[in-house]
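Participant: Below you'll find the structure I mean.
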Amino acid sequence: MAKKTLVPFGPQHPVLPEPVHLDLVLEDETVVQAVPQVGYVHRGLENLVDKRDFQQFTYIAERICGICSFGHSMGYSQAVENLMGIEVPERAEYLRVIFHEMSRMHSHLLWLGLAADAFGFESLFMHSWRLRERLLDIFERTTGGRVILNFCIPGGVVHDIENTELEAIVSTLRGMREDYDQIAATFLDDASVRSRLSGVGYLSKADARTYGCVGPMARASGWDVDVRNNGLGAYSALADFKPVTSQDGDCYARCQVRVEEVRQSIDIITELASKIPDGETLVKIKGNPAEGAESLTRIEQPRGEAIYYIKGNGTKFLERCRVRTPTSTNIPGMCATLGGSDLADVPNIVLTIDPCISCSER
Amino acid sequence: MSVKDTSKKGASYVKKSPWIIHYDAASCNGCDIEVLASLTPLYDVERFGIINTGNPRHADIFLVTGSVNEQAKPVIEQIYSQMVEPKVVIACGICACSGGVFKTCYNTMGGIDQVIPVDVYVPGCAVRPEALIDGVVRALDILEQKRAAMDAGLPVPTPEVKLGVETPRVLHTQDDPDESGTPIEPAAQGGEGAKR
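Just so you know, the sequences run in chain order A and C. The numbering used here numbers the first residue of the first sequence as 9 and each following residue consecutively. The numbering used here numbers the first residue of the second sequence as 15 and each following residue consecutively.
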């Protein structure tokens, strides 16, 4: 039996935009065990509910993570609305889903770029990020921010987006589609990409269930778990929604699922923009959350299911806010996948779960 | 001066291609993806020879984001001590400058300058790539001053580490003070706003 060596991976590592540390136990070049160590990004912001009232906390919730920022503000707002029994105007629901899907597209394009960088295809990285800038332009034009939007608040959205603007968004996305198809073809058909991703980091469907994987990680193993499927909010208006799945369970399948989800998001936005009703976009919230009232909301973030739990105590401050984010549930699955892989494949496998460390550590 | 003022006579050029190293010290990711966005085609600082490296020994400029927690502190100190002189530290985003919205969190130290000396502060939540590039251009000047001091055999001018001291901060790139999200105090020791 070969001698065991311990190789530290991270927290500062060229492929990782965010710090996470893995202790990799190696036998020769094969990983036998991966032990994660987290806490490099822990800020303790759930505790800020003591210092910020429930409306101000929306902006803190948005800053849980800069990539899935819109999703976090949307999830938290929905939790507050459930807690206080507020009916959100229908137009606001549609606008939320449109922006949520755009933020999913920007997150997936960001990931595709980082993944390309991890397997050494730098021009593909540049092209993915070039395409992503068009989405950021839309965000900047409509909300004023590029990554932190401050657009979704409890009760609806901050301001209306006019129908002409929505048409402009749809036509921008239609224009993006051609360029995107080229990038997607490179990701899915290029021989060098295939040789780096195919068969690497296999996770079976049974294992995905055992480790409680969510999002594209679970869907790439053939498990069609997707909160959007439940038809909450404006997702119920979609004529047809089917989660994108793949049966292979390897890094290539995870890439494939995300590539397809970008196209699916364009379809969702196009459909909702054509169906969006007119009307108000914001209702004012009066009063405070009742004492002991609890609410739990699930939304589908770009990385998977996120759960928001909040509890009121009769004052304007919340008793407790708890967020369960997709990356924290995917890390056990990732560590299981790392066992048996080559050391050279570790960066690829770590990236294919789309780790969002600031989400998972908050 | 490494970047020549274009209004004056003479070519506008960068004397040195500064390489940057980036570390996320308890940030929300917003600034980190903007750091990467400045390297990619729309802003494309790579055309000036600015490359993101993973090796502290290769880097001239240290871009740090986030409000620093106890666990990130030794990592930042290690990266900083491994970089060779002359080196410049840029605090990217309002969290790195002063703690930002996370200032009152129990686990943050409130700014990079609590741990390592910071030369340039770039505020914003999230920091905009334009502001970041401006910060890097200012860092080039400071880099050049430090190199000149080294050539002359003088001690390298290094800002102080503030270790828990609440001092009014002079924020750089203050063209639009409202964008920073934090009240900006006048300079304590009467310097001009842009230079420390």
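We treat Cβ as the ideally placed atom computed from N, Cα and C, and that holds for glycine.
In whole angstroms, what separates the C-alpha of S85 (chain A) from that of L53 (chain C)?
Facilitator: 34 angstroms
Participant: What's the C-alpha gap between K250 (chain A) and D256 (chain A)?
Facilitator: 18 angstroms
Participant: In chain order, what residues of the same chain lie with their CB nearer than 7 angstroms to the CB of G124 (chain C), ignoring the 5 residues before and after it?
Facilitator: S81, S112, G113 and K117
Participant: Y102 (chain A): which of A:F325, A:K292, A:T335 and A:S282 sits nearest, CA to CA?
Facilitator: Closest option to Y102 (chain A), Cα to Cα, is A:S282.
Participant: Do V132 (chain C) and A105 (chain C) have their beta-carbon atoms positioned less than 8 angstroms apart in this structure?
Facilitator: Against a cut-off of 8 angstroms, the Cβ pair of V132 (chain C) and A105 (chain C) comes out as a contact.
Participant: Could you confirm whether any beta carbon from chain C is found closer than 8 angstroms to the beta carbon of C259 (chain A)?
Facilitator: no
Participant: For the candidate residues A:F17, A:A301 and A:I75, whose alpha-carbon lies nearest to that of V49 (chain C)?
Facilitator: A:I75
Participant: Taking contact to mean at least 3 C-beta pairs separated by less than 8 angstroms, is the segment 232 to 244 of chain A in contact with the segment 285 to 292 of chain A?
Facilitator: With the rule of 3 Cβ pairs closer than 8 angstroms, the segment 232 to 244 of chain A does not count as touching the segment 285 to 292 of chain A.
Participant: Roughly how many whole angstroms lie between the Cα atoms of D148 (chain C) and Y135 (chain C)?
Facilitator: When the Cα atoms are used, D148 (chain C) and Y135 (chain C) turn out to be separated by approximately 11 angstroms.
Participant: What are the residues of the segment 65 to 82 of chain C that lie near chain A, defined by any Cβ-Cβ distance shorter than 9 angstroms?
Facilitator: N66, T67, G68, N69, P70, G80 and S81
Participant: What in chain A is Cβ-close to Y120 (chain C), meaning under 8 angstroms?
Facilitator: Neighbours of Y120 (chain C) on chain A, chain order: G52 and N55.
Participant: Evaluate the contact criterion for the segment 359 to 368 of chain A versus the segment 32 to 51 of chain C: three or more CB pairs, one atom per stretch, below 8 angstroms.
Facilitator: yes
Participant: Would you kindly work out how many angstroms separate the C-alpha atoms of G348 (chain A) and V39 (chain A), rounded to a whole number?
Facilitator: 5 angstroms
Participant: According to the neighbour-count rule (16 or more other Cβ atoms, all chains shown, within 10 Å of its Cβ), is T172 (chain A) buried or exposed?
Facilitator: exposed
Participant: Would you say Q128 (chain C) faces chain A, with C-beta separation under 8 angstroms as the test?
Facilitator: no
Participant: Roughly how many whole angstroms lie between the Cα atoms of R332 (chain A) and Y316 (chain A)?
Facilitator: 7 angstroms
Participant: Between which two residues does the alpha helix (DSSP H) carrying P224 (chain A) extend?
Facilitator: G223 to R227
Participant: Can you have a look at T187 (chain C) and say buried or exposed, based on whether 16 or more other CB atoms are within 10 angstroms of its CB?
Facilitator: Caution applies to T187 (chain C), whose pLDDT of 45 falls short of 50 and renders its modelled position unreliable; the model cannot decide the point.
Participant: DSSP state of V235 (chain A), grouped into three classes?
Facilitator: helix
Participant: May I have a chain-ordered list of the alpha helix (DSSP H) segments no shorter than 4 residues that lie completely inside the segment 19 to 86 of chain C?
Facilitator: 44 to 53
Participant: Quick check on Y37 (chain C) - is its C-beta less than 8 angstroms from some C-beta in chain A?
Facilitator: yes
Participant: Can you list, in chain order, the stretches of the beta strand (DSSP E) that have 3 or more residues and sit fully within the segment 115 to 186 of chain C?
Facilitator: 134 to 136
Participant: Looking at the secondary structure, which residues open and close the beta strand (DSSP E) in which T13 (chain A) lies?
Facilitator: K12 to F17
Participant: Does any CB atom of chain C fall closer than 8 angstroms to the CB of Q190 (chain A)?
Facilitator: no
Participant: By Cβ distance below 7 angstroms, which residues in the same chain neighbour A140 (chain C) in space, the five residues on each side in sequence not counted?
Facilitator: G44, C45, E48 and G107
Participant: Who are the near neighbours of W137 (chain A) in its chain, counting only those whose CB is closer than 8 angstroms to its CB and skipping five residues on each side?
Facilitator: Answer for W137 (chain A): L117, L118 and G121, listed in chain order.
Participant: Under the three-state reduction of DSSP, which class applies to D189 (chain C): helix, strand or coil?
Facilitator: The predicted position of D189 (chain C) is uncertain, since its pLDDT is 47 and thus under 50; no value can be drawn from it.
Participant: May I ask you to list the residues that DSSP assigns as paired with I307 (chain A)?
Facilitator: A:A314
Participant: Tell me the residue span of the beta strand (DSSP E) that contains A42 (chain A).
Facilitator: In the DSSP assignment, A42 (chain A) falls within the beta strand (DSSP E) that extends over T38 to Q45.
Participant: Tell me, please, whether the segment 92 to 107 of chain A touches the segment 337 to 356 of chain A by the rule of three or more beta-carbon pairs shorter than 8 angstroms.
Facilitator: no
Participant: Is there contact here, the segment 300 to 309 of chain A with the segment 256 to 268 of chain A, by at least three beta-carbon pairs under 8 angstroms?
Facilitator: Short answer: they don't touch.
Participant: Mapping DSSP to helix, strand and coil, what is L34 (chain A)?
Facilitator: strand
Participant: Using a Cβ-Cβ cut-off of 8 angstroms, state whether D46 (chain C) counts as contacting chain A.
Facilitator: yes
Participant: Going along chain C, which residues have a C-beta under 7 angstroms from V155 (chain A)?
Facilitator: G44, I47, E48 and A140
Participant: State yes or no: is the beta carbon of W119 (chain A) nearer than 8 angstroms to at least one beta carbon in chain C?
Facilitator: Judged by the 8 angstroms Cβ criterion, W119 (chain A) is not in contact with chain C.
Participant: Roughly how many angstroms separate the alpha carbons of Y48 (chain A) and Q20 (chain A), rounded to a whole number?
Facilitator: 10 angstroms
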